[in-house]
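Colleague:
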Amino acid sequence: MTTRNAVPSTVLLVAILCLTMLLPYLPGRFDASAATLSFLMRVVSYASLLLTPVGLAWMISRRRSRLWYRMTLALAGLIALVGAISAASVNQLAIGVMIGLGGLAFVWRVHSRMQADVVRVDDRRNSLPFRLALVPVALVTIEATVLPRVAEWSRDRAIEHSGTLITEIESFRQRRGHYPVSLQSLNWDVPTGVVGIERFLYEPNGEAYNLFFVRPHIELDAQEVVMFNPRDEHRFTSHELDLLQYDGEQLALRRGDRRRTSLRQAHWISILFD
1341 MTTRNAVPST VLLVAILCLT MLLPYLPGRF DASAATLSFL MRVVSYASLL
1391 LTPVGLAWMI SRRRSRLWYR MTLALAGLIA LVGAISAASV NQLAIGVMIG
1441 LGGLAFVWRV HSRMQADVVR VDDRRNSLPF RLALVPVALV TIEATVLPRV
1491 AEWSRDRAIE HSGTLITEIE SFRQRRGHYP VSLQSLNWDV PTGVVGIERF
1541 LYEPNGEAYN LFFVRPHIEL DAQEVVMFNP RDEHRFTSHE LDLLQYDGEQ
1591 LALRRGDRRR TSLRQAHWIS ILFD
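Pasting the structure below:
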């Protein structure tokens, strides 16, 4: 396949990988696997930048194709290992094992085919160098430019969907004279409208309440709590034991909710925990 003929399939590949990366921020029903798949795709996209110089060198020096092919296989194995370790780091050990074993099996299989001359790596029509040079750069560029905007849009969408629940909470207060003690339930009736956000959570807070949702942030090592409080008395804590063991100023120092950003929607803030 020539480079020109490879363009449509390369564009399709980039589109599929980008959709995986954006999955937690897309509209739809909650999917528990979305955040993990997106996280792994983002980590792998950065790691795959190692392939770009190999692809460029391969395009320039086709006579050393077997060397570039071996380097590509070695780096592919390394990237699979990075993906496996990343999955394990977010408590997805089973997925990590599958990625690691699958990556190693793929590398071994392709290497065996190359040794048997089934794969013609020295063919000048080989489009693999073009893909190696383009795909990683395209993924990282889209992550840096498109992902933040989609993430902000999805947060606004979830906030908009919370309006029904806020209205019901205020209606409850008008009827009963106080806010609900709890909304803990097996099932939720007000969807967030975003694939990566499971449900809205409620807790009393003084004379008012907090309504919030938790979602993965665009920073790889951060979680975002997006919270509504009608009196702007937002408080959140990273660890449950801190609530039991500390109070007053000690608790305030240990909450970990200092990375706050006021949102354009009234009484809503974003809190980052890393």
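The opening position of the sequence shown corresponds to residue 1341 in the numbering used here, with each subsequent residue numbered one higher. Using N, Cα and C, we set each Cβ at its ideal position, and we do this for glycine too.
1. To the nearest angstrom, how far is it from the Cα of V1458 to the Cα of M1438?
2. Closer than 8 Å is the cut-off here; do at least three beta carbon pairs connect the stretch 1391-1401 with the stretch 1465-1482?
3. Rounded to whole angstroms, what's the CA-CA distance from L1421 to L1413? Just pull it up for me.
4. Determine the direct distance from the alpha carbon of S1378 to that of A1427, and round the result to whole angstroms.
5. Give the range of the alpha helix (DSSP H) segment to which L1593 is assigned.
6. Go ahead and pull the three-state DSSP assignment for P1470.
7. For S1467, which option in L1603, R1604, V1347, S1602 has the closest C-alpha, if you only look at C-alpha atoms?
8. Which runs of the alpha helix (DSSP H) at least 4 residues long sit entirely within the stretch 1551-1585? Give them in chain order.
9. Measure the Cβ-Cβ separation of R1615 and Y1586 and say whether it is below 7 Å.
10. Assuming the contact rule is C-beta atoms closer than 8 Å, G1423 and V1383 should be a hit. Round their C-beta distance to whole Å, please.
11. Leaving out five residues before and five after P1544 in sequence, what residues of the same chain have Cβ atoms less than 7 Å from its Cβ?
12. Does the distance from the C-beta atom of S1385 to that of V1480 stay below 7 Å?
13. Indicate the three-state DSSP secondary structure (helix, strand or coil) for T1360 in the structure shown.
14. Taking Y1519 as part of the alpha helix (DSSP H), name the residues at either end of that continuous run.
15. Between which two residues does the beta strand (DSSP E) containing S1602 stretch?
16. For Q1605, which option in A1484, N1569, E1564 has the closest C-alpha, if you only look at C-alpha atoms?
Modeller: The relevant details are as follows:
1. Within the sequence shown, numbered from 1, the residue matching residue 1458 stands at position 118. Within the sequence shown, numbered from 1, the residue matching residue 1438 stands at position 98. Bear in mind that the predicted position of V1458 carries a pLDDT of just 45, short of 50, making it too unreliable to give a figure here.
2. yes
3. Mapped onto the sequence shown, residue 1421 falls at position 81. Mapped onto the sequence shown, residue 1413 falls at position 73. Taking the straight line from one Cα to the other gives about 12 Å.
4. Counting from one through the sequence shown, the residue named residue 1427 turns up at place 87. Counting from one through the sequence shown, the residue named residue 1378 turns up at place 38. Straight-line Cα distance between these residues: approximately 11 Å.
5. The sequence position of residue 1593 within the sequence shown is 253, counting from 1. First-last of the alpha helix (DSSP H) with L1593: 1588-1594.
6. Translated into positions along the sequence shown, residue 1470 becomes position 130. According to the sequence shown, residue 1470 is Phe rather than Pro. Note: F1470 maps to helix in three-state DSSP.
7. Position 127 of the sequence shown holds residue 1467. Considering only alpha carbons, the answer is V1347.
8. 1580-1585
9. Any answer about residue 1615 is impossible in this case: the structure gives the chain only from 1341 up to 1614.
10. Translated into the one-based positions of the sequence shown, residue 1423 becomes position 83. Translated into the one-based positions of the sequence shown, residue 1383 becomes position 43. 7 Å between Cβ atoms; contact.
11. Working through the sequence shown from its first residue, we reach residue 1544 at position 204. Taken in chain order, the residues that qualify are Y1519, V1521.
12. Position 45 of the sequence shown holds residue 1385. Position 140 of the sequence shown holds residue 1480. Yes, the Cβ-Cβ distance between S1385 and V1480 is below 7 Å.
13. By one-based count along the sequence shown, residue 1360 stands at place 20. DSSP places T1360 in helix when its eight states are reduced to three.
14. Within the sequence shown, residue 1519 is the residue found at index 179, counting from 1. Neither: Y1519 is in no alpha helix (DSSP H) and is coded neither H nor E.
15. For this step, residue 1602 is matched to residue 262 along the sequence shown. Counting along the chain, the beta strand (DSSP E) containing S1602 begins and ends at 1599-1602.
16. Locating residue 1605 in the sequence shown gives position 265, where the first residue counts as 1. The option with the nearest alpha carbon to Q1605 is N1569.
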